[in-house]
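Protein sequence lines, in the order shown, are assigned to chains D and P.
For the first sequence, counting from 1, position 154 maps to 154 in full-length UniProt numbering; every step adds exactly one.
For the second sequence, counting from 1, position 12 maps to 12 in full-length UniProt numbering; every step adds exactly one.
2 protein chains.
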Amino acid sequence: MNVPIHPDVPTSSCAGALEPLKVACASCNLRELCLPVGLTPTDLQRLDGLVEKRRSVPRGEHLFRNGDRFEALYAVRTGFFKTCVGSEDGRDQVTGFQMAGELLGLDGISSDQHHCDAVALEDSSVCVIQYRDLEELSREFTVLQHQFHKIMSREIVRDHGVMLLLGNMRAEERLAAFLLNLTQRLQARGFSASSLVLRMTREEIGSYLGLKLETVSRTFSKFQEDGVLDVKQRQITVLDPQALQRLISNAAC
Amino acid sequence: MNVPIHPDVPTSSCAGALEPLKVACASCNLRELCLPVGLTPTDLQRLDGLVEKRRSVPRGEHLFRNGDRFEALYAVRTGFFKTCVGSEDGRDQVTGFQMAGELLGLDGISSDQHHCDAVALEDSSVCVIQYRDLEELSREFTVLQHQFHKIMSREIVRDHGVMLLLGNMRAEERLAAFLLNLTQRLQARGFSASSLVLRMTREEIGSYLGLKLETVSRTFSKFQEDGVLDVKQRQITVLDPQALQRLISNAAC
DNA sequence: CGCTGTTTTGAGCGTCCTCAAGAGTAGTGG
DNA sequence: CCACTACTCTTGAGGACGCTCAAAACAGCG
């Protein structure tokens, strides 16, 4: 388990059942990371109708699949997801890992059907946001509209960063960038920046980074030899974060 | 020059000066590819205020740069662009090539500043769409709002496709996918599907595909030897499009 | 405890990169 | 019109990085 520093951040242990429980964004402790960033408390009240229900997704299950009809976006409440796209000939590529407060399903807007699979990597729960409702409400709330656009744009910027990684970096640099990104996001959620538990396999990391699982494993081992990491299976301790940073900054040297 | 089949599609030859000429989307022959897809002619009339001016960008010049304040989106009217992101240590990655009817600048919404460079690869002209105006109008026109969301989502889906390419494909497959994508987009704009002129260097293609320019050149040569392409510098003729298709479908075999 | 899936590690190989030279093309100015 | 320069593209030879194939160690779970 990743150790929560802020005790009010939800952990997997409080994953709810799949009842359509009314959950107000106003009282959600993820509101500073999630869709309603920037909304005033009074706006938030009126937003209650938007997130009408939760859905829990057990580890290994799909939240949605490539080809599914698109109707809703999903905000991760607890747990951890991966998204992946597949090529015509069966290979697949992990396109991202999503944690609490992050949005899933944006790919579906383009043609009213999903273009990737979303799979829970641990027992998870999401808030279901009907896209029609979001469109309607964002016509009324300028702040919500703007925030939604920002989230989509941020996803585009993120994807461009991944392209840079896949197109230009070597194995060590890719893994370093991946780990730094993970720790930063965990830190923003109140977890330790130096100790983390990977929710995904070496193969999934490899798929995301454009590497084979053996290469990922070897690179972890090398980081351990160099004293940069302590690796015990999926339990990772970052001993020298600056070494990771140097890898991706001085990469050309 | 790519040979227009539909004579009403604009070519570079009619690139305008930089006067703030009033250009109505209603009378633009790109309207079926561009932002106002799906709007009725009467809606289009009311949209006139949105695209208030054009801007022409000579070959080699920047439309915007990483770090520039974000204020507007740009719809390519004529010409051809590349976008690229740079890493901390100076390497850069081409993240896309944009042609007539495609939107530039979506990356800027995330933090009110641009996160990539946009460079004209030939003398080009763009329609300037003030983002504030677009937000405002899309609150009024549901169709416009939805179309805009679709365009952002499509960009995300496209980026995921590029990740798949960069993460899983080998050099020949990457170049085949690139060429098929280009010819399809040119075809949608009324150009030949078999004959095209590349607007970018081997190095830029390589950067986009995560390859070195020598590898791109070698792969072009191999395609020529195999009778799949005819390559005369940047003048490309696709002799066997199905062979390209097979490369990316049967890739694993 | 045995089964299964994940991870580690080794050895050999292939694809693409690096370095380098030369040919082709475009733009500039005499 | 032709040299001159700068840039782009092609092609070759050698090497490096990551992949493939394979086996064994390890962890999780019924």
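Just so you know, even glycine gets a beta-carbon here, dropped at the ideal spot from N, CA and C.
Verify whether the separation of the beta carbon atoms of T83 of chain P and S124 of chain P is less than 9 Å. For T83 of chain P and S124 of chain P, no; Cβs fall outside 9 Å.
In chain order, what residues of the same chain have a beta carbon less than 6 Å from the beta carbon of V85 of chain P, not counting five sequence neighbours either side? Around V85 of chain P: Q93, T95 and C116.
For a minimum of 4 consecutive residues, which ranges assigned as the alpha helix (DSSP H) are wholly contained in the UniProt domain "HTH crp-type" (169-242) of chain D? Whole alpha helix (DSSP H) segments, 4+ residues: 171-188, 202-209 and 213-225.
Looking at the unbroken alpha helix (DSSP H) that takes in R31 of chain P, where does it start and where does it end? Note, R31 of chain P: premise wrong, no alpha helix (DSSP H); not H, not E.
Name, going along the chain, the residues of the region 126-146 of chain D whose beta-carbon falls closer than 9 Å to a beta-carbon of chain P. The residues in question are Y131, E135, E136, S138, R139, E140, T142, Q145 and H146.
Chain D beta carbons: is any one of them nearer than 9 Å to that of N250 of chain P? Yes, its Cβ sits closer than 9 Å to a Cβ of chain D.
Using a Cβ-Cβ cut-off of 9 Å, state whether D43 of chain D counts as contacting chain P. Chain P has no Cβ within less than 9 Å of the Cβ of D43 of chain D.
Have a look at V119 of chain D and F81 of chain D and give me their C-alpha separation to the nearest angstrom. Taking the CA atoms as reference points, V119 of chain D sits about 5 Å from F81 of chain D.
Identify the residues that DSSP records as bridge partners of I129 of chain D: which are they? I129 of chain D has D:V51 and D:L73 as its beta-bridge partners, per DSSP.
So, are the CB atoms of V231 of chain D and A243 of chain D less than 9 Å apart? V231 of chain D is not a Cβ neighbour of A243 of chain D, given a cutoff of 9 Å.
By the three-class DSSP mapping on this structure, what secondary structure does M99 of chain P have? The three-state secondary structure of M99 of chain P, taken from DSSP, is coil.
Quick check: is the beta carbon of K53 of chain P nearer than 9 Å to any beta carbon in chain D? False, the Cβ-Cβ gap to chain D never drops below 9 Å.
When the cut-off is 9 Å and only beta carbons count, does C253 of chain D lie next to chain P? Low local confidence applies: a pLDDT of 44 at C253 of chain D is under 50, so the model's placement there is unreliable, with the coordinate-based value given in what follows. So yes, C253 of chain D belongs to the interface.
DSSP state of S111 of chain D mapped onto helix, strand, coil: Looking at S111 of chain D - three-state DSSP - the assignment turns out to be coil, as it is neither helix nor strand.
Alpha carbon to alpha carbon, how far is L106 of chain D from L73 of chain D? Cα to Cα, the separation comes out at about 7 Å.
On the DSSP bridge list, what partners appear for S124 of chain P? Beta-bridge pairing links S124 of chain P to P:V57.
Cβ-based burial, D159 of chain D [other Cβ within 10 Å; buried from 16]: Buried, because 16 or more other Cβ atoms sit within 10 Å of the Cβ of D159 of chain D.
Just tell me which of D:C28, D:R59 and D:R54 has its CA closest to the CA of Q45 of chain D. Q45 of chain D has its Cα closest to that of D:C28, out of D:C28, D:R59 and D:R54.
Residue 278 of chain D: first and last residue of the uninterrupted alpha helix (DSSP H) it sits in: Nothing can be reported for residue 278 of chain D, as the shown portion of chain D is limited to 1 through 253.
Tell me, to the nearest whole angstrom, how far the beta carbon of V128 of chain P is from that of L39 of chain P; I am working on the premise that it is less than 8 Å. Not really, about 19 Å apart at Cβ, beyond 8 Å.
Give every residue of the same chain whose Cβ lies closer than 6 Å to the Cβ of E88 of chain D, excluding the five residues on either side of it in the sequence, and list them in chain order. The answer is none, since no qualifying residue turns up.
Do we get a CB-CB distance below 9 Å when we pair N181 of chain D with the residues of chain P? Taking 9 Å as the CB threshold, N181 of chain D stays off the interface with chain P.
By the three-class DSSP mapping on this structure, what secondary structure does L68 of chain P have? Per the sequence shown, residue 68 of chain P should be read as Asp rather than Leu. Coil at D68 of chain P, not helix or strand.
Given a limit of 7 Å on CB to CB distance, which residues of the UniProt domain "Cyclic nucleotide-binding" (35-105) of chain P reach chain D? Those would be V85, S87, E88, D89, G90, R91, Q93 and T95, in chain order.
Which residues in the same chain have their Cβ closer than 8 Å to the Cβ of P241 of chain P, if we skip the five residues on either side of it in sequence? Only L180, T183, A193 and S194 meet the Cβ criterion.
Helix or strand or just coil, what does DSSP make of L79 of chain D? A small correction: the amino acid at residue 79 of chain D is Gly; Leu does not occupy that position in the sequence shown. Assignment of G79 of chain D by DSSP, reduced to helix, strand and coil, places it in the coil class.
In angstroms, rounded to a whole number, what distance separates the CA positions of Q235 of chain P and L196 of chain P? Answer to the nearest angstrom: the Cα atoms are 6 Å apart.
At 7 Å on the CB atoms, spell out the chain D contacts of D117 of chain P, in chain order. Within chain D, no residue has its beta carbon less than 7 Å from that of D117 of chain P; the closest one is some 11 Å off.
Just how far apart, CA to CA, sit L239 of chain P and F220 of chain P? A straight line joining the alpha-carbon of L239 of chain P with that of F220 of chain P spans about 13 Å.
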